[in-house]
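Okay, structure first, notes after.
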Amino acid sequence: MNYSTRLRLLCVSAGLVIFLVPSRGYSVNIDEIMKTAAGVWLFDEGKGQKAEDISGNDNHGELVKNPAWVKGKFGKALEFNGKDTCVQTGQKLLDNLAEFTIVCWVKTGKITANRVGLVGQNDSPEFGFIDPGSVNLWTPKSSLTNPWKHGHPSKDWHHIAAVAAKKNLRVYIDGKPIEGGGPGPHGSSNFNVNIGGCGVWDGAGNWFTGAMDEVAIFHAALKDDEVKAIMEDGFKVMLNVAARGKLAVKWGDVKHEN
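All you need for this note's numbering is the position in the sequence shown, starting with 1, plus 47.
And the structure:
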């Protein structure tokens, strides 16, 4: 399905790049968001055994047991079989943090089990489907659930995000948050971050059935507008805006097609 998203860009002389979406009534600072990125995996390679981290931190993911390359929400995506496929980062990206954010797109398959993992490192934090009807963020000090109302398999792509702030937690589905839980810090783990299984809620397993796209981890508690901007326009559009802004101080339009 083709669509066009019109964006506005303003660059300030100090090199500040602000992503303006006037029709939506908010703006976000792309540079400040990306400074906090620990890993951003677009899954756009379309082949091979590596998921590149475009954050600049080189936390590239290794594909386990050949998850399938499929059409994504933006570009390509990875489809996991719910049995033995995942992406392993090999890194502890969520240890001893006062704040963090996890975002991803999902198109679920037939999920019937509990403790199905999306992104996490066993023991803390853990994020995914605690049961087929609930998306949950768990830390040693707190837990928060947002009901899943889209069924399995879901017909469409849905954006899911978890934000752990200093005071509480937020779990988003399609940009709509539920807020609650307790304060940080949000714990540590002897395990590495995995995507789609290989151990998210537990030391192993927790296999996700379905496709995932544009997974990212930030070492900051993103605001509502920042989560929505990532959801509505995708990382490629946002980063293209930032790149163009550094070339010229001007207003511009960027179109994104998918």
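All C-beta atoms, glycine included, are put in the ideal place defined by N, C-alpha and C. Keep in mind the model is a prediction, meaning the values are calculated, not measured.
Taking DSSP as the reference, what is the three-state secondary structure of residue i?
| i | result |
| --- | --- |
| Ile80 | helix |
| Met285 | helix |
| Val87 | strand |
| Ala124 | strand |
| Lys223 | strand |
| Lys275 | helix |
Per the DSSP calculation, residue i is bridged to which residue(s)?
| i | result |
| --- | --- |
| Lys97 | Glu109 |
| Asp260 | Trp152 |
| Trp116 | Leu125 |
| Leu216 | Ala211 and Gly227 |
Where does residue i land, buried or exposed, given buried means 16+ other C-beta within 10 angstroms?
| i | result |
| --- | --- |
| Asp260 | buried |
| Asp203 | exposed |
| Gln138 | buried |
| Pro194 | exposed |
| Gly234 | buried |
| Thr192 | buried |
| Glu109 | exposed |
| Gly95 | exposed |
| Asp280 | buried |
| Glu126 | buried |
| Gly231 | buried |
| Asn237 | exposed |
* Okay, do the region 214 to 228 and the region 116 to 134 touch, 3+ Cβ pairs below 8 Å being the bar? -> Touching, no.
* Within the chosen definition, does the region 161 to 172 reach the region 238 to 248 through at least 3 CB pairs nearer than 8 Å? -> With a cut-off of 8 Å on Cβ pairs, the region 161 to 172 is in contact with the region 238 to 248, counting three or more such pairs.
* In chain order, which alpha helix (DSSP H) runs of at least 4 residues are fully inside the region 132 to 212? -> none
* **Touching by the beta-carbon criterion (3+ pairs, under 8 Å), the region 223 to 230 and the region 153 to 163** => no
* Three-pair Cβ contact test at 8 Å for the region 261 to 281 versus the region 177 to 191 -> Contact between the region 261 to 281 and the region 177 to 191 is absent: fewer than 3 CB-CB pairs across the two stretches fall below 8 Å.
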